[in-house]
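Engineer: Following this message is one structure expressed as structure tokens.
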Amino acid sequence: MAFLLQSSTNDDPAPLVGDAQRGDIASLEALLTPGAVSLSDGNGIRGAARVPVLGRARVANLSTAFPGFWGEVEVRPVQANGRSGVMLYRDGRPSTFMTIAASHEGIHRVMWVFNPSKIDAFLNSGSRYATAPSG
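Residues in the sequence shown are numbered from 704 upward in steps of one, following this note's numbering.
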């Protein structure tokens, strides 16, 4: 599944990640629009949603549903298609890529990639930065 992103006013996923790590459902819901959707590309990997998750409450709950998901993870900023995202590392290995699409109304799309071959292709691409350039 390829994600086509549209222009946003704030595509920084850091607030969403922070709230999810803390398990703060109320703060997550405040970031999300009522019609928010979470999309996953897991290629059948266990734990990845196989269908879109729709609605503010469901997306917020999904982001905190698995207690161990955020526990031992290192979050590194990345750039993808000119947008901010995060790569999550477990035991020093990249395991999950996440980015968002947002507007002045809030986050309307959360996009996850769990597919190892797509993560590898992303990290090995010569046309992107593995880490967001510091400036």
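No residue lacks a Cβ here, since even glycine has one placed at the ideal position from N, Cα and C. No experiment lies behind these values; they were computed from the predicted model shown.
What separation, rounded to the nearest whole angstrom, lies between the Cα atoms of Arg-793 and Thr-799?
Structural biologist: 9 angstroms
Engineer: How many Å lie between Pro-819 and Gly-774 at the Cα?
Structural biologist: 20 angstroms
Engineer: Please state whether DSSP places Ser-743 in a helix, a strand or coil.
Structural biologist: Looking at Ser-743 - three-state DSSP - the assignment turns out to be strand.
Engineer: Taking C-alpha atoms, which residue in Ser-730, Val-789, Arg-725 lies nearest to Phe-817?
Structural biologist: Val-789
Engineer: Using a 10 Å radius around the Cβ and a threshold of 16 neighbouring Cβ atoms, would you call Ser-766 buried or exposed?
Structural biologist: buried
Engineer: Quick one: grab the DSSP three-state call for Phe-800.
Structural biologist: Three-state result, Phe-800: strand.
Engineer: Nearest CA to the CA of Ala-723: which residue from Phe-825, Phe-769, Leu-757, Asn-713?
Structural biologist: Phe-769
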